[in-house]
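Right, one structure below, let's go through it.
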Amino acid sequence: MEKYQIHKAALESDYDYAMQLIGLNTNLDELDNNGHTPLHWAVFRGDIDFVKLLLEAGANPNVISADGVTPQWRARDFGLTEIDQLLADYEGKILTNHNFDHACFSIFNGMINQPLPAEDTGEAGLKESAEKRRWWQFWK
């Protein structure tokens, strides 16, 4: 079986195949060659039903993609309010890490008059903030 089949199913909204893969205990939190989980891809597509399928199957809503964002950060940035709320219902957080290109996204979002999503605080958010502070101190 090819690698990243559940990612492909998410990209194609192939529910039947996704259910088969979930039944085989496929890793729902693995980053593919593009650095995204199936949940990230379902959010990119705006497919709330696929997002729900993955969350109900146990996908972690707080995996950070290779470009440094959680699925909920992406949903908030895209204005996908129903998906944003669904992810929050499953304890999703709006987080970024050191891979997130804050400057680039700030410029782009500024051009379309849209603020960047505010990151969540709390234990996970504070850990991320501490990580960012250490990273920035390194560059000072």
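Residue 306 is where the sequence shown starts when you use our numbering, and the numbers rise one by one after that. We put the CB at the ideal spot given by N, CA and C, even for glycine.
Looking at the C-beta of residue i, does it have a partner C-beta in chain D at a distance below 7 Å?
i      : result
ASP382 : Absence of chain D from the displayed structure is noted, only one protein chain being present.
Report the CB separation of residue i from residue j in whole angstroms; it is logged as a contact under 8 Å.
i      : j      : result
ALA323 : LEU358 : 6 Å
Are the Cβ atoms of residue i and residue j separated by less than 7 Å?
i      : j      : result
LEU329 : VAL356 : no
VAL374 : THR342 : no
ASN365 : ASP337 : no
LEU421 : PHE410 : yes
LEU344 : TYR395 : no
TRP346 : LEU326 : no
GLY340 : ALA362 : no
With DSSP as the reference, label residue i as helix, strand or coil.
i      : result
VAL348 : helix
VAL356 : helix
THR401 : strand
ALA435 : Any reading at ALA435 needs caution, since the residue's pLDDT is 46, under 50, leaving its predicted position unreliable; the model's value is listed next. Correct three-state label for ALA435: helix.
message: Three Cβ pairs or more, each shorter than 8 Å: is that satisfied between the stretch 347–355 and the stretch 399–409?
response: No, the stretch 347–355 is not in contact with the stretch 399–409.
query: Would you call the stretch 407–414 and the stretch 383–391 in contact, with 3 or more CB pairs under 8 Å?
result: Verdict: no, contact absent.
message: In chain order, what are the residue ranges of uninterrupted alpha helix (DSSP H) at least 4 long that sit wholly in the stretch 315–349?
response: Listed in chain order, they are 320–328.
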